[in-house]
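The sequence shown: position 202 = 1519 (the numbering used here), numbered continuously. Ideal Cβ positions, reconstructed from N, Cα and C, are used throughout, including at glycine. Predicted model, so just to flag it, every value in this text is computed and none were measured.
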Amino acid sequence: MRDAAVRLRYLDEVLEALFPTGGDRNGDRAAGGTARTVLPHRLVPRRVVPRAWWHAALGRRLPACGASGTIETHLSEVFDRRVRVVVHVRPARRANRKPILEAYDSSGLVAFVKIGDSERARALVRHEGEVLRGLADRALKVVVPPTVLHHGVWRGLEVLALSSLPVPSRPFTSRRVPAGLLASAVREIAALGPRTGQATDDSPHGDPYAGLGRTAAWHGDFTPWNTAAGADGRLLVWDWERFAVGAPVGFDALHHFFHQALRRMPPPVAARACLAQAGRILEPFGADAAGARRTAAHYLITLAERHRRDGHEPLGSPATWLNPAIDHLECLL
């Protein structure tokens, strides 16, 4: 099934959950209409926005029933003002898929809202809320996380509203984060302890690294699209739902490199590159060459184990991308 069809099928489920048909259809006109438009087009679904008159050229309207008892009315009550939402149409094959909303009032963006709509997504959203509340009590000098504006449950869905971070307005090509800033952020995150929130366990069962002093924290999804350099020289960091404590220092740096590599090369080549470059990647954290290779192998194993537990293998079977990269390192592990 094509990605667009999968997205639209999931979108139908999301809209039914967020704008249930049990809502007050008679209030639709008073609310200015609850019809939606898929942008940029139903064949390339990326966002669902409130219908505007000029959307007629983009295709048929997408009904979203009810003007009361919807996520919009709930968020309006939470923020004590009328709120309209934009729904992001996420890739439906992702293991951690969940509805992501932008909430707007008359003056602009109010919050980004994550909706936990499955057992796994609810756990991740709850965990991120706990982590971010813990970070609010820490004196961070390098990393800037979002602030929790609201965390609660609505119609059985976990609802986490987060502040937007001040991303500088500059061309995408100039947004590359300096290596020194990334390293400083990795060190600051690594120094965070258990009181930052209940850590998820991403370590393999029967972990062969248990005695190697795994005391550091890691963000867990420290990628180029979850980070940005702020105007004040600090690093803006989103998506803390995979935060965990008990990893070697440098896991986040390896994760950042590996996911950059995956944008340019297939998973088996990216895994080999991660191992080959481990010494350079982990040099800022004091690792020697052998220790860096062990840490990189451990990171790749941990990532494969995460995918197994999620029940989703976006890189394919570990036999195709992980084993060829680390089998020759068995004597080091």
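message = Does Trp1557 come out as helix, strand or coil in the three-state DSSP assignment?
response = coil
query = Could you give the distance in angstroms between the alpha-carbon of Arg1399 and the alpha-carbon of Phe1560?
reply = 33 Å
query = Where Leu1639 and Ala1587 are concerned, what is the direct C-alpha to C-alpha distance, given to the nearest angstrom?
reply = So the two alpha carbons sit approximately 10 Å from each other.
key: Arg1401, DSSP secondary structure in three states   = If DSSP states are grouped into helix, strand and coil, Arg1401 belongs with the strands.
task = With a threshold of 16 other CB atoms inside 10 Å of the CB of Leu1592, please say whether the residue is buried or exposed.
result = Burial check for Leu1592: the Cβ neighbour count within 10 Å reaches 16 or more, so the residue is buried.
request  = Return helix, strand or coil for Ala1609, following the three-state DSSP convention.
outcome  = helix
message = Output needed for His1467: all residues of its chain with C-beta closer than 6 Å, excluding positions within five of it in sequence on either side, in chain order.
response = Val1395, Ala1478
key: Nearest residue (CA-CA) to Gly1537, options Gly1550, Val1476, Ile1506   = Ile1506
ask   = Ala1614 bridges to which residues according to DSSP?
value = Paired residues: none, contrary to the question.
request  = Report yes if the C-beta distance between Leu1553 and Val1461 is below 7 Å; otherwise report no.
outcome  = yes
request  = For the alpha helix (DSSP H) holding His1391, just list the boundary residues, first then last.
outcome  = Counting along the chain, the alpha helix (DSSP H) containing His1391 begins and ends at 1388-1396.
inquiry  = Just to check my reading of the structure: Ala1655 and Leu1509 have Cβ atoms closer than 8 Å, yes? What is that Cβ distance to the nearest angstrom?
reply    = Given that the chain is displayed from residue 1318 to residue 1650, the structure contains no residue 1655 and the question cannot be resolved.
key: Rounded C-alpha distance that separates Asn1543 from Ala1609   = Going by the C-alpha atoms only, they are around 24 Å apart.
request  = Could you please give me the residues that DSSP links to Glu1475 through a beta bridge?
outcome  = For Glu1475, the beta-bridge partners assigned by DSSP are Gly1433, Val1470.
key: Where the alpha helix (DSSP H) through Glu1505 begins and ends   = Where Glu1505 is concerned, the enclosing alpha helix (DSSP H) stretches over 1496-1507.
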